[in-house]
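Engineer: Okay, here's the structure, questions in a sec.
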Amino acid sequence: MLSHPLVRLTALAAGLAFADAVHAFTLTSPDFARGGTIGKEQVYDSFGCTGGNVSPALAWTGAPAGTKSFALLVHDPDAPTGGAGWWHWVVVDIPATTHSLPKNAGKADGSGLPAGAASFASDFGAPGYGGPCPPVGDKPHHYHFTIYALKVDKLDLPKGATASLAGFMVNANAIGKATLIGTFGRPK
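Position in the sequence shown counted from 1, then plus 92, gives you the working numbering.
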């Protein structure tokens with residue numbers, strides 16, 4: 093039945109597509125479901141918000157071949173900044189052997205991160221995780237947790253680099269990415 097070259101080629105292509113789907117680069121968290129509400133423990137603890145400001149546990153699988161390091165960017169594109177949203181967490185130089193971050197890895201002093209990883213200032217003005225804190229009455233905001241597979245061991249970022257510069261360098265060196273989106277709102 094599979095003796096015709098076109099049939100064999102089609103079967104091979106279908107098998108490769110299935111293998112790609114099985115080995116897709118994915119990011120998950122036990123602390124909130126994909127598209128679900130981010131819990132109070134992860135919410136910021138200032139600007140009128142009263143959360144724990146604890147970064148969620150994250151795990152990723154299926155990184156592309158050739159990955160030499162990872163970067164994690166957490167962004168709220170719904171933030172009313174008049175610009176491109178709000179950066180909540182910026183971590184680069186995560187070793188390629190790392191495939192998860194534990195809950196509360198986003199401490200400002202970087203002590204929760206794997207050796208060699210570096211956290212840069214978020215739009216809250218300091219390194220480390222800054223949880224959701226949208227304005228009261230806004231529709232729930234979408235928080236994009238994105239892990240990037242990079243083709244370099246380390247990014248050459250200067251001390252004090254902005255989140256935007258880090259994002260530029262991450263995207264310039266990315267060979268794959270996986271995103272987990274959670275939501276959070278503050279009703280009137």
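Backbone N, C-alpha and C define an ideal beta-carbon position, used for all residues, glycine too.
1. Kindly list the residues whose CB is nearer than 6 angstroms to the CB of Ala188, restricted to its own chain and excluding five residues on each side of it in sequence; keep chain order.
2. Checking the sheet assignment: what are the DSSP bridge partners for His191?
3. In three-state DSSP terms, what is Lys269?
4. Looking at Leu164 and Leu272, is the spacing between their C-beta atoms short of 8 angstroms?
5. Keeping to the same chain, check which residues put their C-beta closer than 8 angstroms to that of Val228; ignore five residues upstream and five downstream.
6. Which residues in the same chain as Gly143 place their Cβ atom closer than 7 angstroms to its Cβ, once the five residues preceding and following it in sequence are excluded?
7. Nearest to Ala270 by CA position, among Asp201, Leu150 and Thr129, is which residue?
8. Extract the residue ranges of the beta strand (DSSP E) inside the segment 210-263, only unbroken runs of 3 or more that lie entirely within it.
9. So, is Ser203 buried or exposed, given that buried needs 16 or more other C-beta atoms within 10 angstroms?
10. Assuming Thr129 is part of the beta strand (DSSP E), what are its boundary residues?
11. Measuring only the C-alpha atoms, how far is Asn196 from Phe117?
12. Measuring CB to CB, does Pro226 end up less than 8 angstroms from Phe260?
13. So what's Ala163 in DSSP terms, helix, strand or just coil?
14. Where DSSP assigns a beta bridge to Val183, which residues make up the other side?
Structural biologist: Short version:
1. Thr159, Lys160 and Ser161
2. According to DSSP, which records beta bridges pairwise, His191 is partnered with nothing at all.
3. If DSSP states are grouped into helix, strand and coil, Lys269 belongs with the strands.
4. no
5. Gly140, Arg278, Pro279 and Lys280
6. Cβ within range, chain order: Lys132, Glu133, Gln134, Val135, Tyr136, Asp137 and Gly223.
7. Leu150
8. 210-212 and 233-242
9. exposed
10. Looking at the DSSP string, Thr129 is not in any beta strand (DSSP E), and its letter there is neither H nor E.
11. 23 angstroms
12. no
13. DSSP places Ala163 in strand when its eight states are reduced to three.
14. Leu164 and Ser211
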